[in-house]
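Enquirer:
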Ligand code: ADP
Ligand code: MG
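Numbering (our numbering), first residue to last: 1 to 416.
1) So, is residue 300 buried or exposed, given that buried needs 16 or more other C-beta atoms within 10 angstroms?
2) Does DSSP put residue 125 in a helix, a strand or coil?
3) Would you please state the rounded distance, in angstroms, between the beta carbons of residue 164 and residue 223? I believe it to be under 8 Å.
4) So if DSSP puts residue 218 in a beta bridge, which residue, or which two residues, is it bridged to?
5) Tell me which same chain residues have a C-beta within less than 7 Å of the C-beta of residue 36, skipping the five on either side of it?
6) Using the Cβ count rule (16 or more neighbours within 10 Å means buried), how would you classify residue 265?
7) I'd like the ranges of any beta strand (DSSP E) spanning at least 3 consecutive residues and lying wholly in the segment 376-410.
8) Taking any heavy atom of ligand 1 as the mark, which residues have a C-beta closer than 5 Å to it, listed down the chain?
9) For residue 362 versus residue 199, is the C-beta distance shorter than 8 Å?
10) Which same chain residues, not among the five before or five after residue 406, have their C-beta less than 6 Å away from its C-beta?
11) For the segment 257-277 against the segment 341-360, are there 3 or more C-beta pairs whose distance is under 8 Å?
12) What number of angstroms, rounded off, separates the C-alpha of residue 315 from the C-alpha of residue 308?
13) Express the C-alpha separation of residue 262 and residue 251 in angstroms, rounding to a whole number.
14) Tell me the rounded alpha-carbon separation between residue 304 and residue 325.
15) Can you tell which of 156, 122 and 124 has the C-alpha that lies nearest to the C-alpha of residue 108?
16) Straight-line CA distance for residue 162 to residue 172?
17) Should residue 152 and residue 121 be called a contact, given that it needs their Cβ atoms to be closer than 8 Å?
18) For residue 241, which three-state DSSP category applies?
19) Which of helix, strand or coil does DSSP assign to residue 97?
20) Less than 7 Å separating the Cβ of residue 323 from some heavy atom of ligand 2?
21) Which of helix, strand or coil does DSSP assign to residue 69?
22) Given 7 Å as the limit, tell me if residue 396 has its C-beta closer than that to any heavy atom belonging to ligand 2.
23) Which ranges would you report for the beta strand (DSSP E) in the segment 257-298 if only whole runs of at least 3 residues count?
24) Report the rounded CA-to-CA distance for residue 220 versus residue 174, giving the unit in angstroms.
25) How big is the Cα-Cα spacing for residue 91 and residue 146?
26) Buried or exposed for residue 9, going by 16 or more other Cβ atoms inside 10 Å?
27) What is the rounded straight-line gap between the Cα of residue 184 and the Cα of residue 208?
28) Note down, in chain order, each residue of its chain lying with its Cβ closer than 6 Å to the Cβ of residue 13, except the 5 sequence neighbours on either side.
29) With hydrogens ignored, establish whether the beta-carbon of residue 336 is closer than 7 Å to any heavy atom of ligand 2.
30) Does the distance from the CB of residue 424 to the CB of residue 72 come in under 8 Å?
31) Check whether the Cβ atoms of residue 212 and residue 376 lie closer than 8 Å to each other.
32) Less than 7 Å separating the Cβ of residue 370 from some heavy atom of ligand 2?
33) Report yes if the C-beta distance between residue 25 and residue 87 is below 8 Å; otherwise report no.
34) Taking all protein chains shown into account, do 16 or more other C-beta atoms lie within 10 angstroms of the C-beta of residue 372, making it buried, or fewer, making it exposed?
35) Measuring only the C-alpha atoms, how far is residue 390 from residue 142?
36) Would you say residue 188 touches ligand 2, meaning its beta carbon is less than 7 Å from a heavy atom?
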């Protein structure tokens with residue numbers, strides 16, 4: 001995919017040359033696309049020089065002449081691609097891919113987990129390049145704020161998990177009793193990731209959880225949900241569970257007359273049978289359960305009690321995490337697991353979840369409040385409003401929401 005054109009890290013002396021490339025490339029862009037929609041930004045050379053301090057800049061050269069450049073800014077865990085430009089005369093040589101390879105290599109070597117960028121809808125060639133290079137389109141309103149014209153955000157995961165998508169929700173419309181609640185929701189969750197879905201009350205977070213679990217009273221109107229590439233919506237709820245989807249609901253159900261350990265063994269053995277693995281008898285299971293209970297610091301007396309019956313709010317939530325530990329799901333969706341928890345219970349639940357994080361599975365935390373995310377640090381934060389994801393970002397987004405409140409995103413939802 002890459003070209004043979006050599007690519008090197010730029011030096012401060014290159015600033016003027018880089019500025020010229022950006023100037024030329026932007027002018028070309030503005031001439032070919034919709035100039036009236038673009039403010040052509042032409043960074044002066046000394047500003048470019050300033051950017052050498054923010055993050056590395058790479059250049060590609062043909063016959064000692066710089067013909068292309070890319071610059072990145074390191075965010076906490078992401079590399080933000082600030083600008084990329086290839087002179088018209090050097091296009092078609094695969095230099096764009098070469099530049100992206102260079103920053104990917106840099107990102108992986110320096111422990112970043114994602115590349116991220118904003119672009120405009122008009123940059124069709126650039127979007128095509130990024131998509132060929134494995135970037136995904138991410139729903140985000142920031143790109144629009146950034147450009148003042150319809151924008152697009154794109155990202156690519158770095159490292160070993162590239163391409164290991166676990167859940168893909170595409171333009172999902174769903175509701176209850178004829179009322180549409182989810183209105184075109186898009187979500188992608190990769191293996192090894194923890195995602196937080198935040199949003200004001202009534203935005204549809206629990207509806208999403210229930211639709212994914214296959215709750216019978218919710219109906220899917222249109223759209224697609226892929227789970228490990230399979231159509232999730234075709235599977236019965238129990239089939240989804242056996243395939244490794246775990247759901248902890250906002251209001252856990254009580255199951256009188258069935259002890260917690262019976263319930264857990266049944267669920268565990270169902271899953272084992274489904275995968276052709278050995279089931280455990282009550283004694284063997286008891287040992288297994290004792291080990292798992294340590295993860296949430298749970299007293300074995302809770303094994304004998306009826307599922308959730310008479311459990312306090314905190315005990316119910318802890319029990320949910322125990323269920324999760326026992327079932328070892330591929331995808332766990334925890335709906336408002338933090339609600340009604342005091343700080344100690346919150347910490348225990350969060351520690352439990354953190355212990356269950358691993359490279360092969362993913363966790364989706366649905367939460368109204370930021371506080372849980374102080375203990376379980378998500379890779380991606382999605383903000384829902386009015387049945388859609390209206391904003392996405394890194395863990396910083398949760399703090400920004402805490403500060404600015406949900407009116408900030410509600411505005412974004414109603415203006416489109
Ligand atoms: P969240 O979890 O984000 O607070 P919900 O998914 O619970 O949001 O609710 C989204 C919207 O769907 C709300 O307007 C709510 O009133 C409505 N809704 C949820 N459940 C039902 C139901 N069983 N019948 C009718 N409307 C419902
Ligand atoms: Mg809810």
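Here a beta-carbon is modelled for each residue, glycine too, at the ideal position from N, C-alpha and C.
All figures in this text were calculated on a predicted structure; none of them were measured in a lab.
Expert: By the coordinates alone:
1) As a first step, residue 300 must be located in the chain shown, where it is residue number 300. Under this definition residue 300 is an exposed residue.
2) Your numbering for residue 125 matches position 125 in the chain shown. Reduced to three states, the DSSP call for residue 125 is helix.
3) Here residue 164 refers to the residue found at position 164 when the chain shown is read from its first residue. Here residue 223 refers to the residue found at position 223 when the chain shown is read from its first residue. Residue 164 to residue 223, Cβ: 22 Å. No contact.
4) Counted from its first residue, the chain shown places residue 218 at position 218. Answer is 176.
5) By 1-based counting over the chain shown, the position of residue 36 is 36. Caution is warranted here: a pLDDT of 48 is assigned to residue 36, below 50, making its placement in the model unreliable, and the coordinate value is therefore given only provisionally. Excluding positions up to five away in sequence, the list is empty.
6) The sequence position of residue 265 within the chain shown is 265, counting from 1. Residue 265 comes out buried.
7) 380-385 and 388-393
8) 176, 181, 201, 202, 203, 204, 205, 206 and 207
9) Locating residue 362 in the chain shown gives position 362, where the first residue counts as 1. Locating residue 199 in the chain shown gives position 199, where the first residue counts as 1. In this structure, residue 199 does not lie closer than 8 Å to residue 362 by Cβ.
10) One-based indexing of the chain shown puts residue 406 at position 406. The residues are 200.
11) no
12) As a first step, residue 315 is located in the chain shown; it is residue number 315 there, counting from the start. As a first step, residue 308 is located in the chain shown; it is residue number 308 there, counting from the start. Cα to Cα, the separation comes out at about 8 Å.
13) Here residue 251 refers to the residue found at position 251 when the chain shown is read from its first residue. Here residue 262 refers to the residue found at position 262 when the chain shown is read from its first residue. Approximately 21 Å between the Cα atoms of the pair.
14) Along the chain shown, one-based indexing puts residue 304 at 304. Along the chain shown, one-based indexing puts residue 325 at 325. One C-alpha to the other measures close to 18 Å.
15) Mapped onto the chain shown, residue 108 falls at position 108. The candidate whose alpha carbon is nearest that of residue 108 is 156.
16) If you number the chain shown from 1, residue 162 lands on position 162. If you number the chain shown from 1, residue 172 lands on position 172. Residue confidence for residue 162 is low, a pLDDT of 46 falling below 50, so the modelled location carries little weight; the figure read from the coordinates is stated next. Answer to the nearest angstrom: the Cα atoms are 24 Å apart.
17) In the chain shown, counting from the first residue as 1, residue 152 sits at position 152. In the chain shown, counting from the first residue as 1, residue 121 sits at position 121. Going by C-beta atoms, residue 152 is nearer than 8 Å to residue 121.
18) Counting from 1 along the chain shown, the entry for residue 241 is found at position 241. Three-state result, residue 241: helix.
19) On the chain shown, residue 97 is found 97 positions in, with the first residue counted as 1. Here residue 97 sits in helix by DSSP.
20) For the purposes of this step, residue 323 is taken as residue 323 along the chain shown, with counting starting at 1. No, Cβ of residue 323 sits at least 7 Å from all heavy atoms of ligand 2.
21) On the chain shown, position 69 is the one that residue 69 refers to. Residue 69 falls in the strand class under three-state DSSP.
22) Taking the chain shown and counting its residues from 1, the one referred to as residue 396 is at position 396. Because no heavy atom of ligand 2 lies under 7 Å away, the Cβ of residue 396 does not count as near it: no.
23) none
24) The count along the chain shown starts at 1 and reaches residue 220 at position 220. The count along the chain shown starts at 1 and reaches residue 174 at position 174. Taking the straight line joining both Cα atoms gives about 4 Å.
25) The residue labelled residue 91 in the question sits at position 91 within the chain shown. The residue labelled residue 146 in the question sits at position 146 within the chain shown. Answer to the nearest angstrom: the Cα atoms are 26 Å apart.
26) Translated into the one-based positions of the chain shown, residue 9 becomes position 9. Burial call: exposed.
27) Position 184 of the chain shown, counted from the first residue, corresponds to residue 184. Position 208 of the chain shown, counted from the first residue, corresponds to residue 208. Computed Cα separation, rounded: 11 Å.
28) Counted from its first residue, the chain shown places residue 13 at position 13. Answer for residue 13: no residue qualifies.
29) For the purposes of this step, residue 336 is taken as the residue at position 336 of the chain shown. Under cutoff, so the answer is yes.
30) Since the displayed the chain opens at 1 and closes at 416, residue 424 lies outside it and no answer follows.
31) As a position in the chain shown, residue 212 is number 212, starting the count at 1. As a position in the chain shown, residue 376 is number 376, starting the count at 1. Against a cut-off of 8 Å, the Cβ pair of residue 376 and residue 212 comes out as no contact.
32) As a first step, residue 370 must be located in the chain shown, where it is residue number 370. No, since every heavy atom of ligand 2 falls outside the 7 Å radius drawn around the Cβ of residue 370.
33) To locate residue 25, count along the chain shown from 1; it is residue 25. To locate residue 87, count along the chain shown from 1; it is residue 87. Yes, these two residues count as a Cβ contact at 8 Å.
34) Within the chain shown, residue 372 is the residue found at index 372, counting from 1. Buried is the call here.
35) In the chain shown, the residue the question calls residue 390 occupies position 390. In the chain shown, the residue the question calls residue 142 occupies position 142. So the alpha carbons of these two residues sit roughly 10 Å apart.
36) Indexing the chain shown from 1 puts residue 188 at position 188. No - ligand 2 has no heavy atom lying nearer than 7 Å to the Cβ of residue 188.
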